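Since the structure comes first, as structure tokens, the remarks are kept for the end.
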Amino acid sequence: MIQQTTESRPTEREPDATRVRFRHRQRTGPTPATVSAPAAGSPRAQWADAAKGVCIVLVVLWHVVVKDYLQIDWRIGVPVPGFWGTLGEQFLPLRMPLFFTISGVFAANAAQRPWRLVARGRIAGFLYLYAVWLLIHTAVLAAAPQLPTDRATSALGLLEQLTITPSNLWYLYALAVYFTIAKATRRLPRTLVLLPAAALSAVAAAGLLDTPGNRAGLYQNLVFFLAGLSLRPQIERWAATANRRRLVLTSGAYVLALAAMAVTGAQQWFGVWPAVSVLAVIFGITAAARLTSWSVLSDPLARLGRITLPIYVVHMPVLALLHRLLLVPVSGLGGSAQGLIVFGYPILLTGLVIGLSLAVHRALLAVRAGWLFALPGRRRVEAAR
């Protein structure tokens, strides 16, 4: 996984995706990434998809910064790389908690369906995607050993990633587990479900559990998925009534919480990280809801938010290959040349990685490799969420 200074942080270290949606062939039954959603074009769908679009961009940006940008030998005499690393860390409490909260919101109806449909359409579907792309990642990452990320280097390591210690693709693994828990506990009172999940999140964030690989993210984000699922009406009302004053208050609260946590070194104090993540999610929902009034931004972000699955599963192999191509040439540039690109490099590479990931997705669909993005069945789906 991320093998930088962030290894000691109690939050997830990989990404990034949320309710996944992609264009595909039609299928009548449920699909592995299908979660019930509001009608397309509704304000609620717009803010949720826009939030997902922002989150997937932040996920890719974080991986670009930590796995490529900070590995380059920058000889420029100014701390620009450190700025990007610090900036990325400020979104750690936001990215995956917000992703999973929205996933839970859209999973509310799906979790009420019969076990047979949930088991195949969601649980088996996500596990299938996880296993297929884990094998692909393992093969591609072997060709880019310089990239600092988790990878299986033996059959035993691969088995471990398939079962008890999820890989960089842990979001898919987590959704399968979370859907199982949500379905099994759907008849229990809300507090009996959320309180244990919150306690697990606090224990994991405080470092009181063994969390190799991506288990920390798995343990910490269950509460956000379950909260999105069980608090869907409240979340929708909050988004529908978001205003400028609330945006200022929530953003201010998030910034102050981050500052206080940094000053006191409270990242691993029991309950602190989950509490800051809750503030981050509230801010994220508010900001996404307000963003819908600016269609020039919200429309492209919402479109991106509807196709997060291919970006999520493809971007790491793409980044690994680009890292292999760029690391030595960029490190070998002179100081003046590096000074011209050092600030914009993460932004440009993030856009390139996302664009190439979507191009790979389209190419795979064109050669009838849609089975890489959905559990094979009688028919395919046009819009899996």
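Mapping of the sequence shown onto our numbering: position 358 corresponds to residue 526, and the numbering continues sequentially without gaps. Cβ coordinates follow ideal geometry from the N, Cα and C atoms, glycine included. This one's a predicted model, so the numbers in the text were calculated from it and none came from an experiment.
Selection from the options that minimises the alpha carbon distance to residue i
i: Leu377; options: Arg492, Leu295, Phe438, Ala430; result: Phe438
i: Tyr387; options: Tyr237, Phe294, Trp406, Ala366; result: Ala366
i: Leu226; options: Arg530, Pro261, Ala350; result: Pro261
i: Thr518; options: Arg536, Leu487, Asn411, Gly500; result: Leu487
i: Leu495; options: Thr331, Tyr513, Phe451; result: Tyr513
i: Ala410; options: Ala425, Ala434, Gln435, Phe451; result: Phe451
i: Gln258; options: Gly221, Gly538, Gln435, Ala312; result: Gln435
i: Val248; options: Trp406, Ile509, Gly523; result: Ile509
i: Ile291; options: Leu424, Tyr346, Glu328, Ile244; result: Tyr346
i: Arg288; options: Lys351, Leu326, Val308; result: Lys351
i: Tyr480; options: Ala311, Leu524, Ala407; result: Leu524
i: Pro316; options: Pro468, Leu489, Trp242; result: Leu489
i: Ile515; options: Leu356, Leu424, Leu229, Thr331; result: Leu229
Contact set for residue i: own chain, Cβ-Cβ below 7 Å, skip 5 residues either direction
i: Ser463; result: none
i: Pro265; result: Asn389, Phe392, Ser445, Ala448, Val449
i: Leu540; result: Val300, Leu532
i: Leu465; result: Leu459
Close Cβ partners of residue i (< 8 Å) along its chain, the five nearest in sequence each way excluded
i: Thr333; result: Pro380, Gly381, Asn382, Arg383
i: Gln314; result: Gln239, His491, Arg492, Leu495
Cβ shell of residue i (< 6 Å), same chain only, five flanking positions each side left out
i: Gly209; result: With a pLDDT of only 42 at Gly209, under 50, the local geometry of the prediction cannot be trusted, and the value read off the model is given with reservation. Nothing listed; no residue qualifies.
i: Tyr298; result: Leu337, Leu340, Tyr341
i: Ile240; result: Val498, Ser499
Contact test: residue i Cβ vs the ligand NAD heavy atom, cutoff 7 Å
i: Leu399; result: Inclusion of the ligand NAD in the displayed structure is not the case, the ligand content being empty and no account of it being possible.
Please confirm if the segment 416 to 435 is in contact with the segment 304 to 320, defined as three or more CB-CB distances below 8 Å between the two stretches.
Verdict: no, contact absent.
**Request:** Mind listing, in chain order, the continuous alpha helix (DSSP H) runs of no fewer than 4 residues lying wholly within the segment 248 to 279?
**Result:** Counting only runs of 4 or more, we get 248 to 258, 263 to 275.
Quiz item: Are the segment 260 to 272 and the segment 392 to 402 in contact at 8 Å, needing three or more beta carbon pairs?
Solution: Yes, they touch.
May I ask you to verify whether the segment 405 to 420 touches the segment 451 to 461, counting CB pairs closer than 8 Å and requiring at least 3?
These segments touch.
(request) Flag this pair as touching only if the segment 229 to 239 and the segment 251 to 267 have three or more C-beta atom pairs under 8 Å; answer yes or no. (result) Enough Cβ pairs lie closer than 8 Å, so yes.
Taking three-plus beta-carbon pairs below 8 Å as touching, is the segment 367 to 375 in contact with the segment 317 to 332? By the C-beta criterion, the segment 367 to 375 is judged not to be in contact with the segment 317 to 332, since fewer than 3 inter-stretch pairs fall below 8 Å.
Identify every run of the alpha helix (DSSP H) within the segment 315 to 367, keeping only runs that are complete inside it and at least 4 residues long; order them along the chain. Runs of the alpha helix (DSSP H) inside the segment 315 to 367: 323 to 331, 338 to 352.
task = Please go through the segment 435 to 476 and give each complete alpha helix (DSSP H) segment of 4 or more residues, from N-terminal end onward.
result = Secondary structure within the segment 435 to 476: the alpha helix (DSSP H) runs of 4 or more consecutive residues, fully enclosed, are 440 to 459, 463 to 473 (chain order).
Quick check for students: name the residue ranges of the alpha helix (DSSP H) that lie wholly in the segment 364 to 406, counting only runs of 4 or more.
Those alpha helix (DSSP H) runs which fall completely within the segment 364 to 406 and span 4+ residues are 383 to 398.
Report task. Pick out the complete alpha helix (DSSP H) segments inside the segment 480 to 547, 4 residues or longer, and give them in chain order. Result -> Counting only runs of 4+ residues, the alpha helix (DSSP H) found wholly inside the segment 480 to 547 occupies 503 to 509, 513 to 534, in chain order.
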